[in-house]
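Peer 1:
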Amino acid sequence: MISGTKEWAVAEINCGTGCLYDCRYCYARRKAITRGTISKQADWQKWYPDPGTEQRDYRNYDGQVMFPTAHDIFPENLVECECVIRNLLECGNRVLIVSKPNRNCIAALCRTFKEYQDSILFRFTLTARNPSILRIWEPGAPAYHKRLESLRHAYENGYQTSVSVEPILDMTDLPGMIEEIRGWVTHSIWLGKMNKIEQRVVMDSEQITAEAERIVSQQSDRNV
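Shown next, in the form of structure tokens:
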């Protein structure tokens with residue numbers, strides 16, 4: 005059975021380690037700690053580019069390629085990300101660009117890769133509209149309205165657009181959020197639960213513990 009990001013792409017590409025967004029549920033941070041790539045959780049909030057990113061060659065994959073999967077695209081790594089995307093596109097790949105989008109970065113990508121827009125699908129992660137919830141779970145990521153601006157910008161510039169609501173951070177507001185975003189989506193909207201909460205989320209305060217319990221309750225089978 006195909007599951008996870010393999011439903012989206014045949015290959016997953018990244019160009020560094022760490023992510024300034026520091027989402028509490030991040031699977032990649034947990035994996036990096038387990039593998040010894042970083043020594044402590046705080047190290048994940050720094051960006052460490054892979055050496056040789058600009059010169060790296062990619063093959064033409066038999067299917068859609070997903071970039072990035074273990075970090076996001078932000079001003080601090082935009083140059084490296086543009087290099088990877090260009091290298092993938094120039095050898096004939098279809099690229100799925102996944103991001104909790106920074107408006108300036110998305111505008112830059114839309115300008116830079118206009119000639120390749122038929123080979124690009126944007127998938128923007130919009131997990132909740134409530135700013136209080138987003139500040140807890142995705143403390144460094146752009147606010148909801150900024151992400152919505154990115155979605156609209158890509159759509160209005162003729163790009164294929166899709167949305168990932170994975171994980172769903174506010175089940176009670178999900179119908180309203182989908183109704184708001186659906187007009188700017190040309191491809192698909194993906195929904196998903198928060199996985200492996202006990203393993204990935206550090207319960208370092210009563211607030212986080214209560215939030216995790218809320219998520220578990222809202223995404224239980226009886227409520228989904």
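With my numbering applied, the sequence shown corresponds to residues 5 to 228, in that order.
Idealized CB from N, CA, C, for every residue including glycine.
(1) With DSSP as the reference, label Ala147 as helix, strand or coil.
(2) Give the C-beta separation of Thr73 and Cys19 to the nearest angstrom, bearing in mind that I take them to be a contact with Cβ-Cβ under 8 Å.
(3) Looking only at its chain, what residues have a beta carbon closer than 7 Å to the beta carbon of Asp54, apart from the 5 residues adjacent to it on each side?
(4) To the nearest angstrom, report how far apart Arg90 and Ser154 are at their CA atoms.
(5) With H, G and I counted as helix, E and B as strand and the rest as coil, what does DSSP make of Met70?
(6) Indicate whether the contact test is met: 3 or more Cβ pairs, each with one atom in the segment 80 to 99 and one in the segment 117 to 125, closer than 8 Å.
(7) Going by Cα to Cα distance, which pick from Pro146, Val206, Ala214 is closest to Cys109?
(8) Please report the straight-line C-alpha distance between Tyr62 and Arg33, rounded to a whole angstrom.
(9) For Arg186, which of helix, strand or coil comes out of DSSP?
(10) What does the Cβ neighbour count give for Gln164, buried or exposed, with the cut at 16 atoms within 10 Å?
Peer 2: Concretely, from the data shown:
(1) coil
(2) Not quite, the Cβ-Cβ distance comes to about 11 Å (not below 8 Å), so this is no contact.
(3) Cys19, Gly20
(4) 20 Å
(5) Look at Met70 here: in three-state DSSP terms it is strand.
(6) yes
(7) Pro146
(8) 25 Å
(9) The three-state secondary structure of Arg186, taken from DSSP, is helix.
(10) buried
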